[in-house]
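*Asks:* Going by full-length UniProt numbering, the residue at position 153 of the sequence shown is 153; the numbering climbs one at a time, nothing skipped. Quick reminder that beta carbons are idealized off the backbone N, C-alpha and C, glycines included.
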Amino acid sequence: MAGTPVARKDVPFLLADIGEGITECEVIQWFMKEGDHVEQFSPICEVQSDKAAVEITSPYDGVIKKLYYGTGDVARVGSPLVDITTNEAGEEAASPIVEKAAAALDSVKAAAAPAVEAVTAVFSSISKEMEVAYTLATPAVRRVARENKVDLAKITGSGPSGRILKGDVLAYISGTAASASKPPTAPKSKASAPTRPIGPVEGDRTVQLGAIQKAMFKAMTRSLQIPHFGFSEEIVLNATSAHRAAINRQLKHAPVHGLKKISYMPIFIKALSMALNDFPILNARLLNTEDASKAQLQYRGSHNIGVAMDTPQGLIVPNVKNVNSKSILEIAAELERLKVAGSSNSLMAADLADGTITLSNVGNIGGTLLHPVLVSSEVCIGAIGRIQRLPQFDTVVDPETGNKKEVVVAKEILNVSFNADHRVIDGATVARFVSVWKNYLEHPATMSANLR
Numbered sequence: 001m002a003g004t005p006v007a008r009k010d011v012p013f014l015l016a017d018i019g020e021g022i023t024e025c026e027v028i029q030w031f032m033k034e035g036d037h038v039e040q041f042s043p044i045c046e047v048q049s050d051k052a053a054v055e056i057t058s059p060y061d062g063v064i065k066k067l068y069y070g071t072g073d074v075a076r077v078g079s080p081l082v083d084i085t086t087n088e089a090g091e092e093a094a095s096p097i098v099e100k101a102a103a104a105l106d107s108v109k110a111a112a113a114p115a116v117e118a119v120t121a122v123f124s125s126i127s128k129e130m131e132v133a134y135t136l137a138t139p140a141v142r143r144v145a146r147e148n149k150v151d152l153a154k155i156t157g158s159g160p161s162g163r164i165l166k167g168d169v170l171a172y173i174s175g176t177a178a179s180a181s182k183p184p185t186a187p188k189s190k191a192s193a194p195t196r197p198i199g200p201v202e203g204d205r206t207v208q209l210g211a212i213q214k215a216m217f218k219a220m221t222r223s224l225q226i227p228h229f230g231f232s233e234e235i236v237l238n239a240t241s242a243h244r245a246a247i248n249r250q251l252k253h254a255p256v257h258g259l260k261k262i263s264y265m266p267i268f269i270k271a272l273s274m275a276l277n278d279f280p281i282l283n284a285r286l287l288n289t290e291d292a293s294k295a296q297l298q299y300r301g302s303h304n305i306g307v308a309m310d311t312p313q314g315l316i317v318p319n320v321k322n323v324n325s326k327s328i329l330e331i332a333a334e335l336e337r338l339k340v341a342g343s344s345n346s347l348m349a350a351d352l353a354d355g356t357i358t359l360s361n362v363g364n365i366g367g368t369l370l371h372p373v374l375v376s377s378e379v380c381i382g383a384i385g386r387i388q389r390l391p392q393f394d395t396v397v398d399p400e401t402g403n404k405k406e407v408v409v410a411k412e413i414l415n416v417s418f419n420a421d422h423r424v425i426d427g428a429t430v431a432r433f434v435s436v437w438k439n440y441l442e443h444p445a446t447m448s449a450n451l452r
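1. Quick one: complete beta strand (DSSP E) runs, 3+ long, within the segment 35-84?
2. Would you kindly work out how many angstroms separate the C-alpha atoms of A75 and I56, rounded to a whole number?
3. Please state the DSSP three-state secondary structure of H371.
4. Starting from M309, follow its DSSP beta bridges and name the residues at the other end.
5. Helix, strand or coil, according to DSSP, for A137 in the structure here?
6. On a Cα-Cα basis, can you pick out the residue from Q29, K33, Q298 and S79 that is closest to T23?
7. Whole angstroms are fine: how far does the CA of G385 sit from the CA of H228?
8. In terms of residue numbering, what span does the beta strand (DSSP E) encompassing E233 cover?
9. Contact between the segment 272-279 and the segment 292-312: three or more CB pairs below 8 angstroms?
10. What beta strand (DSSP E) runs, 3 residues minimum, are completely inside the segment 394-432?
11. Please classify N148 as buried or exposed, where buried requires at least 16 neighbouring CB atoms within 10 angstroms.
12. Measuring alpha carbon to alpha carbon, tell me which of T206, G382, L152 and F41 ends up nearest E234.
13. With M31 as the anchor, note down where its alpha helix (DSSP H) starts and where it stops.
14. Applying the 10 Å Cβ sphere with the 16-neighbour rule, what's the burial state of I365?
15. For the beta strand (DSSP E) holding S360, just list the boundary residues, first then last.
16. Look up R146 in the DSSP assignment and say whether it is helix, strand or coil.
17. What's the gap between the Cα of P391 and the Cα of K261?
18. What number of angstroms, rounded off, separates the C-alpha of V320 from the C-alpha of S263?
19. Reducing DSSP to helix, strand and coil, say where P255 ends up.
20. Helix or strand or just coil, what does DSSP make of L347?
21. Please work out which residues of its chain come closer than 7 angstroms, Cβ to Cβ, to V144, disregarding the five sequence neighbours upstream and downstream, and give them in chain order.
22. Could you name the residues that DSSP lists as bridge partners for P391?
23. Classify T86 as helix, strand or coil using the three-state DSSP reduction.
24. Tell me, to the nearest whole angstrom, how far the beta carbon of P431 is from that of F279; I am working on the premise that it is less than 8 angstroms.
25. Between Y60, I28 and F31, which has its C-alpha nearest K9's C-alpha?
26. Hey, would you say E412 sits closer than 7 angstroms to N238, going by beta carbons?
27. Taking Q388 as the reference, give the member of L374, F31 and G367 with the closest Cα.
28. In chain order, what residues of the same chain have a beta carbon less than 7 angstroms from the beta carbon of E442, not counting five sequence neighbours either side?
29. Starting from D10 and walking both ways along the beta strand (DSSP E), at which residues does that stretch end?
30. Would DSSP call R163 helix, strand or coil?
31. Among V379, M348, L370 and D83, which one has its Cα closest to the Cα of I281?
32. When the Cα atoms are used, what is the spatial distance from I163 to E202?
33. Let's see if you can read the secondary structure: which residues bound the beta strand (DSSP E) around L451?
34. Taking only the alpha-carbon atoms, compute the straight-line gap between L369 and R205 and give it to the nearest angstrom.
35. At which residues does the beta strand (DSSP E) containing L297 begin and terminate?
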């Protein structure tokens, strides 16, 4: 017959698997030292894996006898972390998990079938201890659970990596109390129909790329091989808004090119073209890029400014030709033509060819700061975000005292984002170019003064 298992005082506590695929962890800090008394659920140490930092808590009451690792050491999952000398009072708690398993196996060998139930009970107890010991929860949360006699293994944590939070425990307690206070109800018939009909789940499907998607696939694959330099800026549009309103008041009474009003875009495009006059390199094109020794820059005389359009067929980028020789109203009329043609899928090949720089407007859909991707035949692209009305400080002079003071005023703010080909365009050039464009939009009167 098997003898009664003798409880050992020194219990090796193994580092458990703290996450899928984790085989080792770095010991960040110890909360205990050798000789310290430790209580069940108290934190022993904190370990860091390549995914998260986790506190390891003690499954026993006792005294720390040995630390197997120092701070900064790498501990293997499944290896001993500490030895704990357990209290004499709780023989069941003091017995190590490994000893229980060995005793159970000895009982099986000696007593055969009658001992199966006992072994099952022992392993059930072991499993429960393991669940409690390795459930992710802080000592404070464990204390709340212990005081309310809640089994943490029954709670699904809502914190990072499944960590059980205090709110999870309180919600579990509230739910248990509520269910206990409800009068018993008759069990529902197994044949009862669901309250909401469940339709068939749509399966995966594979489709061929459309013509525009194929073109975008090829273009973006080429473009993302180019090193991008990004630059963002804020533009105050109050003056441009007033300028546009004045144009629209005139068009309302005397339409030009069939236009009764214009959007901001023709003004943005014309100002961009005027800024290009000072920075022609941003309207250029790189040639012979396969061989750096033969690479050339082609400076292009026409400002053919592309405008990204969201059409039923997908994203297309037609361009307004010769913006440098067009007025704001002529640009507006051409934009309207391209918009109608794009919506009806009737754009000509010439409408999409020979673009020199692109200005994409995503603000009418949403977003502020963007990251536009270059067209491979261009060296610069800009993207316009949503216009926002925001409070900002202004310094004004009091007409009575002559003193300066700060006041809060409402301003229309436009966020713009530019990317340039960093192989030939440096950051300072982009910043100065955007600054000139910004100045035209914040002081539209200077546009007329600089028209050629």
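*Replies:* Working from what's here:
1. 43-48, 53-57, 62-67 and 74-76
2. 12 angstroms
3. In the structure shown, H371 adopts coil according to DSSP, grouped into three states.
4. I316
5. A137: strand per DSSP, three-state reduction.
6. S79
7. 19 angstroms
8. H228 to V236
9. Three or more Cβ pairs drawn from the segment 272-279 and the segment 292-312 lie within less than 8 angstroms of each other, which places the two stretches in contact.
10. Listed in chain order, they are 404-421.
11. exposed
12. Among T206, G382, L152 and F41, the Cα nearest to that of E234 is on G382.
13. According to the sequence shown, residue 31 is Phe rather than Met. First-last for F31: undefined, no H or E at that position.
14. Exposed, since its Cβ has fewer than 16 Cβ neighbours within 10 Å.
15. I357 to N361
16. helix
17. Near 28 angstroms, if we compare the C-alpha coordinates of K261 and P391.
18. 15 angstroms
19. The answer is coil: DSSP assigns P255 none of H, G, I, E or B.
20. coil
21. K166 and V169
22. A410
23. strand
24. Per the sequence shown, residue 431 should be read as Ala rather than Pro. No, A431 and F279 are not in contact; Cβ-Cβ is about 11 angstroms, not under 8 angstroms.
25. Y60
26. Cβ atoms of E412 and N238: closer than 7 angstroms.
27. G367
28. Closer than 7 angstroms at Cβ, skipping near neighbours: I235, V236 and A239.
29. D10 to L14
30. coil
31. Its Cα nearest to that of I281, the residue V379 stands out among V379, M348, L370 and D83.
32. With the sequence shown as reference, residue 163 is identified as Arg, and Ile is not the correct amino acid for it. Whole-angstrom Cα-Cα distance: 34 angstroms.
33. Taken as a continuous stretch (DSSP letters only), L451 belongs to no beta strand (DSSP E), as it is neither H nor E.
34. 34 angstroms
35. Q296 to Q298
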